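Written out below as structure tokens is the structure these notes cover.
There are 2 protein chains.
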Amino acid sequence: MLSTIGGLGEFALITRVTSQFPGTDDVILGPGDDAAIVAAPDGRTVATTDLLVEGRHFKREWSSARDVGHRAVAQNYADVVAMGARPTGMLIGFAAPPDLPVAWAEEFTAGVRDECALAGGAVVGGDMVGSDVLTIAVTALGDLEGRAPVRRDGARPGDVVAYTGNLGLSAAGLALLERGIDGPAACLGEHRRPSPPYAAGPEAARLGATAMLDVSDGFLQDLGHIAARSGVCIDLDSNALRPDPALLEAMGILGVAAGKVEEAARRLMLRGGEDHALAAVFPSEVDLPEHWNRVGTVASTADPSGEDTGPAVTVDGDVAEGGGWDHFRQE
Amino acid sequence: MLSTIGGLGEFALITRVTSQFPGTDDVILGPGDDAAIVAAPDGRTVATTDLLVEGRHFKREWSSARDVGHRAVAQNYADVVAMGARPTGMLIGFAAPPDLPVAWAEEFTAGVRDECALAGGAVVGGDMVGSDVLTIAVTALGDLEGRAPVRRDGARPGDVVAYTGNLGLSAAGLALLERGIDGPAACLGEHRRPSPPYAAGPEAARLGATAMLDVSDGFLQDLGHIAARSGVCIDLDSNALRPDPALLEAMGILGVAAGKVEEAARRLMLRGGEDHALAAVFPSEVDLPEHWNRVGTVASTADPSGEDTGPAVTVDGDVAEGGGWDHFRQE
Chain P
1 MLSTIGGLGE FALITRVTSQ FPGTDDVILG PGDDAAIVAA PDGRTVATTD LLVEGRHFKR
61 EWSSARDVGH RAVAQNYADV VAMGARPTGM LIGFAAPPDL PVAWAEEFTA GVRDECALAG
121 GAVVGGDMVG SDVLTIAVTA LGDLEGRAPV RRDGARPGDV VAYTGNLGLS AAGLALLERG
181 IDGPAACLGE HRRPSPPYAA GPEAARLGAT AMLDVSDGFL QDLGHIAARS GVCIDLDSNA
241 LRPDPALLEA MGILGVAAGK VEEAARRLML RGGEDHALAA VFPSEVDLPE HWNRVGTVAS
301 TADPSGEDTG PAVTVDGDVA EGGGWDHFRQ E
Chain C
332 MLSTIGGLGE FALITRVTSQ FPGTDDVILG PGDDAAIVAA PDGRTVATTD LLVEGRHFKR
392 EWSSARDVGH RAVAQNYADV VAMGARPTGM LIGFAAPPDL PVAWAEEFTA GVRDECALAG
452 GAVVGGDMVG SDVLTIAVTA LGDLEGRAPV RRDGARPGDV VAYTGNLGLS AAGLALLERG
512 IDGPAACLGE HRRPSPPYAA GPEAARLGAT AMLDVSDGFL QDLGHIAARS GVCIDLDSNA
572 LRPDPALLEA MGILGVAAGK VEEAARRLML RGGEDHALAA VFPSEVDLPE HWNRVGTVAS
632 TADPSGEDTG PAVTVDGDVA EGGGWDHFRQ E
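Sequence order for the protein chains is P and C. Each residue of the first sequence is one higher than the last, beginning at 1 in the working numbering. Each residue of the second sequence is one higher than the last, beginning at 332 in the working numbering.
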């Protein structure tokens, strides 16, 4: 019975799990009291939360416990760095059925610990409860280090649009897993463990980014948030979207005709979800480091005749069709 | 179909819900960006998280959506004030089946909003996802206002033990609901909507409390945490535990024999869960305001012969039996 979390018991499991988390300079008080205390030297705390539900956000058949731990941390700290902040602390709520193997909880913990080490933040607290559905609630905190936050509403006509990180690989990985096809490790791996470019968030803030976000619902749809909130139009240059070789390979494996591979890959770069790349808008004069890919420009919402046509995202001048991800969608 | 959250859709629901939350001076950036920004004027942020799972932490038959909203906020801000901090901001993850009525989500939101107004903190962000099990993840943040946090490990021999808030009423309310018996509104109400004494947390810190915690797993068990972490013994005076008249009434309704009512009520005060009273330890010379009930004293772990017997909680000098709450317990 000690091999399931129900057999081991809540307090023993908490003790085992929390002993895995090293402190950092940001941890003033870690797990074990009513609440944790995290440094906020800037005088402001950046905070974001996400829920991961088994069967909807991950499947135990497709992702190891360690993958899920990595991903739970990655998608939350990606939101922190997308404000231009440095990850500091994290709280994890863990709702699980009593028959969950202790080994799963321990591997998940190892994934959380290792991804926190990559991102630079610590686990400072959490909660463990029983539930019929394995559900993970993550809250991530960050520090702005004295900088202004990079919001979604600051893009201005004349700015350039760039991204860093991977686009399309995660969606290709998901498509391969759904069809039970083995494919490029870069695609499967990116779906199981996204790799947000953590350092690029504070970097973009230092470079003077006027708007930024974490790409999670698809590049086009997320740029639509910047366009709408900033009151601008964004036009992407499809030739500047250079698909990763692994993405092109995945398209072939998924049965895309030879002449259509590039187009299909670009489609996934524009519409695939869960990329956790960073999309940012910069003043045109900023000298961008090489890992930022310039892919578009910002214009006013007025058309050449002067009429205001409203915020929009276009690709090579054409309005891109909609299509987002609705978590409550009934299929 | 618009009467269910699946029909209404995620984005429309988020818009409807977030429009309900007023800002406060602590909200630097509210919902709608990658992350929220909350003031942390002290340079440290207090943070705690809790999961509420339908069927385990609340039942839709027993508690209204509004009650659940109140409770989700109350149990988290109770942990914040138990550190001696002032509530500032809160993030709410909401995982729900698509057939959840929109009205339930809206009433829940109203409860959250109203309890936040009582506690003094704001809702600054959240997440909404689909799940077969209605699950609410709350993270609460607070500011220490320059004071040292009141932890669990600072109690010293000679200190006095006190509590403020209600003990036993919530457990009596639960017992009544489980048996389908109507009973005192104070008991049913305290189970559905606990009323933590928010202001008393920072007050205790200002008065010099050496240890404090939120009573959630039962007064005895929670005092055991202070005893263990502080390396002390705590002795409670049962005569100082004065049951609320509603608690005595509930004991009668639950069939306790007339001569046993006081004893049964005290038992619930010592062992009932989900009270969300505050238990604190103060230096003996502190002049405690009337709403703090002195109920015990702190002694060293050495017995009269000088032998160290280890931390313990006793009632009238006798070791109290154990019995806690394990969330993964298989019944």
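Glycine included, every Cβ here is placed at the ideal spot set by N, Cα and C. Predicted, not measured: the structure shown is a model, and the values here were computed from it.
With a CB to CB cut of under 6 Å and the five nearest residues on each side skipped, what residues in its chain are close to Pro31/P?
By one-based count along the first sequence, residue 31/P stands at place 31. If we look at Pro31/P and ignore the five residues flanking it on each side, its Cβ neighbours are Thr18 and Gly125.
Within 7 Å, strictly: CB atoms of Ala450/C and Thr379/C:
Within the second sequence, numbered from 1, the residue matching residue 450/C stands at position 119. Within the second sequence, numbered from 1, the residue matching residue 379/C stands at position 48. No.
Leu144/P versus Thr88/P, Val129/P, His191/P and Pro184/P, residue with shortest Cα-Cα distance:
Position 144 of the first sequence, counting from 1, holds the residue named residue 144/P. Of Thr88/P, Val129/P, His191/P and Pro184/P, the residue nearest in Cα terms is Thr88/P.
How would you write the range of the alpha helix (DSSP H) that Asn407/C sits in, first residue to last?
Sequence index remark: in the second sequence, residue 407/C carries index 76 (1-based). Looking at the DSSP string, the run of the alpha helix (DSSP H) that includes Asn407/C is Ala396 to Val412.
With a CB to CB cut of under 7 Å and the five nearest residues on each side skipped, what residues in its chain are close to Val319/P?
Locating residue 319/P in the first sequence gives position 319, counting from the first residue. Cβ within range, chain order: Ala312.
Chain P contact residues for Pro372/C, given Cβ-Cβ distances below 8 Å
For the purposes of this step, residue 372/C is taken as the residue at position 41 of the second sequence. Those within 8 Å of Pro372/C in chain P are Gly43.
Could you tell me the distance, in whole angstroms, from the CA atom of Thr628/C to the CA atom of Val491/C?
For this step, residue 628/C is matched to residue 297 along the second sequence. For this step, residue 491/C is matched to residue 160 along the second sequence. For Thr628/C and Val491/C, the distance between alpha carbons rounds to 4 Å.
Would you mind stating whether Glu107/P and Ala65/P have Cβ atoms separated by less than 7 Å?
In the first sequence, counting from the first residue as 1, residue 107/P sits at position 107. In the first sequence, counting from the first residue as 1, residue 65/P sits at position 65. Yes, they are a contact pair.
Can you tell me where the beta strand (DSSP E) holding Pro418/C begins and where it ends?
In the second sequence, the residue the question calls residue 418/C occupies position 87. Note, Pro418/C: beta strand (DSSP E), Arg417 to Ala427.
State the beta-bridge partners of Leu278/P as determined by DSSP.
Residue numbering aside, residue 278/P sits at position 278 when the first sequence is read from its first letter. DSSP lists Thr164/P and Asp214/P as partners of Leu278/P.
Quick one, which of Thr541/C, Ala506/C and Ala434/C has its alpha-carbon nearest Arg478/C's?
Numbered from 1 along the second sequence, position 147 holds the residue referred to as residue 478/C. When each option's Cα is compared against that of Arg478/C, the closest is Thr541/C.
Below 7 Å on C-beta distance, what does Pro202/P contact in chain C?
Taking the first residue of the first sequence as position 1, residue 202/P is located at position 202. Within chain C, no residue comes near Pro202/P; the closest Cβ sits about 13 Å away, beyond 7 Å.
Neighbour-count burial assignment, Gln351/C, 16 or more Cβ in a 10 Å radius:
Along the second sequence, read from residue 1 onward, the residue named residue 351/C stands at position 20. Exposed: under 16 other Cβ atoms inside 10 Å.
What three-state label does DSSP hand Thr24/P in the structure shown?
By 1-based counting over the first sequence, the position of residue 24/P is 24. It is coil, neither helix nor strand.
Please check if any C-beta of chain C sits within less than 7 Å of the C-beta of Thr24/P.
Taking the first sequence and counting its residues from 1, one reaches residue 24/P at position 24. No, Thr24/P does not count as interfacial toward chain C.
Assuming Val443/C and Val412/C are in contact, meaning their beta carbons sit under 8 Å apart, how far apart are those beta carbons, in whole angstroms?
Residue numbering aside, residue 443/C sits at position 112 when the second sequence is read from its first letter. Residue numbering aside, residue 412/C sits at position 81 when the second sequence is read from its first letter. Wrong, their Cβ atoms sit about 17 Å apart, outside the cutoff.
Got a sec: is the Cβ-Cβ distance from Pro432/C to anything in chain P below 7 Å?
The residue given as residue 432/C occupies position 101 in the second sequence. Not one chain P Cβ lies under 7 Å of Pro432/C.
What are the boundary residues of the beta strand (DSSP E) that Arg573/C is part of?
Position 242 of the second sequence, counting from 1, holds the residue named residue 573/C. Per DSSP, Arg573/C belongs to no beta strand (DSSP E) and is neither H nor E.
Using Cβ-Cβ distances below 7 Å, what residues of the stretch 25–38 of chain P are close to chain C?
Ile28, Leu29, Asp33, Asp34, Ala35, Ala36, Ile37 and Val38
Let me confirm a value: Ile512/C is counted as buried when at least 16 other C-beta atoms fall within 10 Å, else exposed. Which label applies?
The residue given as residue 512/C occupies position 181 in the second sequence. That one is exposed.
Compare the Cα-Cα distances from Asp25/P to each of Asp153/P, Ala117/P and Gly154/P and report the closest residue.
Residue mapping note: residue 25/P aligns to position 25 of the first sequence, counting from 1. Comparing Cα-Cα distances from Asp25/P to each of Asp153/P, Ala117/P and Gly154/P, the minimum goes to Ala117/P.
Quick check on the DSSP output: the alpha helix (DSSP H) that includes Gly443/C runs from which residue to which?
Translated into the one-based positions of the second sequence, residue 443/C becomes position 112. The question names Gly, yet the displayed sequence has Val at residue 443/C. Val433 to Ala450 is the extent of the alpha helix (DSSP H) around Val443/C.
Supposed contact pair Leu241/P and Met269/P - C-beta distance, whole angstroms, cut 8 Å:
Walking along the first sequence from the start, residue 269/P turns up at place 269. Walking along the first sequence from the start, residue 241/P turns up at place 241. At roughly 5 Å, the Cβ-Cβ gap stays under 8 Å, so Met269/P and Leu241/P are in contact.
Closer than 7 Å between beta carbons: that is the criterion. Which residues of the stretch 69–82 of chain P meet it against chain D?
No chain D appears in the structure shown, which is made up of the protein chains P and C.
Counting pairs of beta carbons, one from the stretch 545–554 of chain C and one from the stretch 508–523 of chain C, are three or more of them closer than 8 Å?
no
Just to confirm, is the Cβ distance from Ala137/P to Gly93/P under 7 Å?
Residue mapping note: residue 137/P aligns to position 137 of the first sequence, counting from 1. Residue mapping note: residue 93/P aligns to position 93 of the first sequence, counting from 1. Closer than 7 Å, so yes.
Return the chain-ordered list of same chain residues with a C-beta closer than 8 Å to the C-beta of Pro372/C, the five sequence neighbours on each side being excluded.
Position 41 of the second sequence holds residue 372/C. Counting only Cβ-Cβ distances below 8 Å, and skipping sequence neighbours, we find Asp474 and Glu476.
Using a Cβ-Cβ distance cut-off of 7 Å, determine whether Thr379/C contacts chain P.
Walking along the second sequence from the start, residue 379/C turns up at place 48. Taking Cβ atoms only, chain P reaches closer than 7 Å to Thr379/C, which makes this a yes.
With three or more beta-carbon pairs closer than 8 Å as the criterion, would you say the stretch 584–591 of chain C touches the stretch 527–534 of chain C?
no
Output yes or no for whether 7 Å exceeds the beta carbon distance between Ala95/P and Ser63/P.
Taking the first sequence and counting its residues from 1, the one referred to as residue 95/P is at position 95. Taking the first sequence and counting its residues from 1, the one referred to as residue 63/P is at position 63. Cβ atoms of Ala95/P and Ser63/P: not closer than 7 Å.
Please say whether Ala302/P and Ile226/P have beta carbons closer to each other than 7 Å?
As a working note, residue 226/P is residue 226 in the first sequence. As a working note, residue 302/P is residue 302 in the first sequence. Not a contact, by the Cβ cut-off of 7 Å.
Below 7 Å between beta carbons is the criterion; list the residues of the stretch 455–471 of chain C that meet it against any residue of chain P, in chain order.
Val455, Gly456, Gly457, Asp458, Met459, Val460, Gly461, Ser462, Asp463, Val464, Thr466, Ala468 and Thr470
In chain C, which residues lie less than 8 Å from Asp214/P when you measure between Cβ atoms?
The sequence position of residue 214/P within the first sequence is 214, counting from 1. Chain C residues near Asp214/P: Asp365.
Below 7 Å between beta carbons: does that hold for Ala416/C and Val377/C?
Position 85 of the second sequence holds residue 416/C. Position 46 of the second sequence holds residue 377/C. Their beta carbons are under 7 Å apart, which means Ala416/C touches Val377/C by this criterion.
Amino acids of chain P, ordered along the chain, whose beta-carbon sits closer than 9 Å to that of Val384/C:
Here the question's residue 384/C lines up with position 53 in the second sequence. Residues of chain P passing the Cβ test: Ala95, Val129, Gly130, Ser131, Asp132, Val133 and Thr135.
For Leu248/P, which three-state DSSP category applies?
Taking the first residue of the first sequence as 1, we reach residue 248/P at position 248. It is helical.
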